[in-house]
Amino acid sequence: MLHIRNAWHVACWSMDLAETTPFAITIAGDPIVIFRSESGTLAALEDRCVHRLAPLSLGRCEGETLRCMYHGLRFAADGACVEIPGQETIPATARVRAYPVVERHSWIWVWPGDPAKADPALIPPAVGFDDPDYILGRGQLDYQANAQLIHDNLCDFTHLSFVHPASFGADAEWANTRPKVTPLPRGVRFERWVRAQSGGRSRGGPVDVWSSYEYHVPGVLLMPTASFPVGTADRLGDAPPPPDLPRTGVTFTSQAVTALTDRTSRYFFSWGPHRDHGDEALRDVLMGLADKAFAEDKTMIEAQQRVIDLDPARHAMPATFDKGVVLYQRLAERLAREERPAAAR
Numbered sequence: 032m033l034h035i036r037n038a039w040h041v042a043c044w045s046m047d048l049a050e051t052t053p054f055a056i057t058i059a060g061d062p063i064v065i066f067r068s069e070s071g072t073l074a075a076l077e078d079r080c081v082h083r084l085a086p087l088s089l090g091r092c093e094g095e096t097l098r099c100m101y102h103g104l105r106f107a108a109d110g111a112c113v114e115i116p117g118q119e120t121i122p123a124t125a126r127v128r129a130y131p132v133v134e135r136h137s138w139i140w141v142w143p144g145d146p147a148k149a150d151p152a153l154i155p156p157a158v159g160f161d162d163p164d165y166i167l168g169r170g171q172l173d174y175q176a177n178a179q180l181i182h183d184n185l186c187d188f189t190h191l192s193f194v195h196p197a198s199f200g201a202d203a204e205w206a207n208t209r210p211k212v213t214p215l216p217r218g219v220r221f222e223r224w225v226r227a228q229s230g231g232r233s234r235g236g237p238v239d240v241w242s243s244y245e246y247h248v249p250g251v252l253l254m255p256t257a258s259f260p261v262g263t264a265d266r267l268g269d270a271p272p273p274p275d276l277p278r279t280g281v282t283f284t285s286q287a288v289t290a291l292t293d294r295t296s297r298y299f300f301s302w303g304p305h306r307d308h309g310d311e312a313l314r315d316v317l318m319g320l321a322d323k324a325f326a327e328d329k330t331m332i333e334a335q336q337r338v339i340d341l342d343p344a345r346h347a348m349p350a351t352f353d354k355g356v357v358l359y360q361r362l363a364e365r366l367a368r369e370e371r372p373a374a375a376r
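With positions in the sequence shown counted from 1, the corresponding number in this note's numbering is that position plus 31.
In structure tokens form, the structure reads like this:
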């Protein structure tokens, strides 16, 4: 699998990074350790001490540095070794790779590609727990599957009708309607009306749902969802709802897929209502639905991966509703290949 390295990958939730405990994660095959210094500064280093290749994530935070707890080498946030116990001279080669790292939207983001291209402006505009307008819950899942299979799943909501009728209450409307799919410079946008939907998204009866979301590289879904009285979609002729049209419900979900290795992935998600349209009780209902639905996805996708592994050379057959899937796959492949040296393409 070609990983997109010149992109911001979600490494963990901000609240899961303890002040004095290093955090280990593999991103696109790179073992990485993240830690907060005594001053609160974030650092992300290669999780491999230069001395005996022991994991620095088993080390100890000391001031602004991280000490390897095998033989005591100490590293600064830029990856330079600043102490070798019992040795006065520190070789210039005593250094580990440092990764650009940013904390934003309640996530810790790491850039595993060219540090010179690590522009924080490229971080997708997720909604975090610091947003005063939303009441959010959160979760995460580890997959024994290639991240591309999860990307495909999130770029095609046709599957809701068949995988999620019990959890999300999705009916055949999701399979029978087609979204408007628009390519973006670093992602794809999906927009459509889904009529007369029930389920746990609102506290009333059936509603028309305006589903509009963007899927950004390297795998970040941002989806505000609004509900309206039944008949609104017909009245608007399937046009997007104007901003001043009263809603019966508004929610937001931010989701991120991080490729750990070629066969393992981590899936982060948050969801909750706008404060004008819900409270903590509705958030808990939504998160209960999400936990059940995303477990359904995990079961299907991991089974899909096992079947693929029996015959990796066999190609899947695209269908007419795969437009968004194909657009994102082509974008991801192009960006990943452009990162490789010309001789390796």
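Beta carbons are placed, not taken as given, at the ideal position from N, Cα and C, and that holds for glycine.
Cβ-Cβ distance between residue i and residue j below 8 angstroms
{"i": "D328", "j": "N177", "result": "no"}
{"i": "F283", "j": "G303", "result": "yes"}
{"i": "I63", "j": "L48", "result": "no"}
{"i": "V238", "j": "F259", "result": "yes"}
{"i": "A111", "j": "E95", "result": "no"}
{"i": "I58", "j": "P143", "result": "yes"}
{"i": "I181", "j": "V288", "result": "yes"}
{"i": "R169", "j": "S301", "result": "yes"}
{"i": "I139", "j": "C80", "result": "no"}
{"i": "L167", "j": "R314", "result": "yes"}
{"i": "S285", "j": "A157", "result": "yes"}
{"i": "R128", "j": "E114", "result": "no"}
{"i": "A203", "j": "H195", "result": "no"}
{"i": "H34", "j": "G60", "result": "yes"}
{"i": "L97", "j": "L76", "result": "yes"}
{"i": "A264", "j": "R278", "result": "no"}
{"i": "L84", "j": "C99", "result": "no"}
{"i": "M32", "j": "Q179", "result": "yes"}
{"i": "R67", "j": "E93", "result": "no"}
One or two residues paired with residue i in a DSSP bridge
{"i": "V225", "result": "V240"}
{"i": "T211", "result": "Per the sequence shown, the amino acid found at residue 211 is Lys instead of Thr. Its beta-bridge partners are E222."}
{"i": "C92", "result": "L97"}
{"i": "W44", "result": "W138"}
{"i": "A111", "result": "R126"}
{"i": "T57", "result": "P62"}
{"i": "R79", "result": "Answer by DSSP bridge pairing: none, since R79 is not bridged."}
{"i": "L366", "result": "None, per the DSSP bridge assignment."}
{"i": "A74", "result": "F66"}
{"i": "F106", "result": "L97 and C112"}
{"i": "V356", "result": "Paired residues: none, contrary to the question."}
{"i": "Q118", "result": "I115"}
{"i": "V132", "result": "V141"}
Selected residue, minimal CA-CA separation from residue i, among the options
{"i": "D269", "options": "R294, E222 and H305", "result": "E222"}
{"i": "G71", "options": "Q286, H102, P53 and R79", "result": "P53"}
{"i": "G319", "options": "G117, R105, T120 and S198", "result": "S198"}
{"i": "D187", "options": "P151, P156, D265 and E245", "result": "E245"}
{"i": "M331", "options": "F193, G90 and Q228", "result": "F193"}
{"i": "V261", "options": "P255, G280 and D161", "result": "G280"}
{"i": "S137", "options": "G355, P277, F299 and L317", "result": "F299"}
{"i": "A152", "options": "N37, H102, R266 and D161", "result": "N37"}
{"i": "E311", "options": "T208, D164 and T120", "result": "D164"}
{"i": "M206", "options": "R83, Y101 and A350", "result": "A small fix is needed here, since residue 206 is Ala in this sequence, not Met. Out of R83, Y101 and A350, A350 has the C-alpha closest to the C-alpha of A206."}
{"i": "H82", "options": "R67, E93, G103 and Q228", "result": "G103"}
{"i": "M254", "options": "E69, P155 and A334", "result": "P155"}
{"i": "T189", "options": "F352, K211, L341 and Y101", "result": "F352"}
{"i": "E369", "options": "D322, D145, L317 and G309", "result": "D145"}
{"i": "R209", "options": "G355, E50, P273 and E364", "result": "G355"}
{"i": "A290", "options": "T120, T124 and V141", "result": "V141"}
{"i": "K323", "options": "P122, L267, E119 and L191", "result": "L191"}
heavy atom of the ligand GDP below 7 angstroms from residue i C-beta
{"i": "P86", "result": "This structure lacks the ligand GDP; in fact it carries no ligand of any kind."}
Checklist line | In chain order, each alpha helix (DSSP H) run of at least 4 residues that lies wholly inside the stretch 137-209 | finding: List check, alpha helix (DSSP H) in window: 178-185, 191-194 and 204-207.
Checklist line | Within the stretch 235-319, ranges of the alpha helix (DSSP H) (whole runs, at least 4 residues) | finding: Secondary structure within the stretch 235-319: the alpha helix (DSSP H) runs of 4 or more consecutive residues, fully enclosed, are 263-266 (chain order).
Margin query: Check whether the stretch 248-256 and the stretch 117-135 touch, using three or more Cβ-Cβ pairs below 8 angstroms as the test.
Written below: Too few Cβ pairs lie closer than 8 angstroms, so no.
Check: Counting pairs of beta carbons, one from the stretch 359-371 and one from the stretch 206-222, are three or more of them closer than 8 angstroms?
Finding: Counting C-beta pairs with one atom in each stretch, the stretch 359-371 and the stretch 206-222 have three or more that are closer than 8 angstroms, which means they touch.
Check: Any chance the stretch 282-298 sits against the stretch 166-180, with 3 or more Cβ pairs inside 8 angstroms?
Finding: The stretch 166-180 and the stretch 282-298 touch, with three or more beta-carbon pairs separated by less than 8 angstroms.
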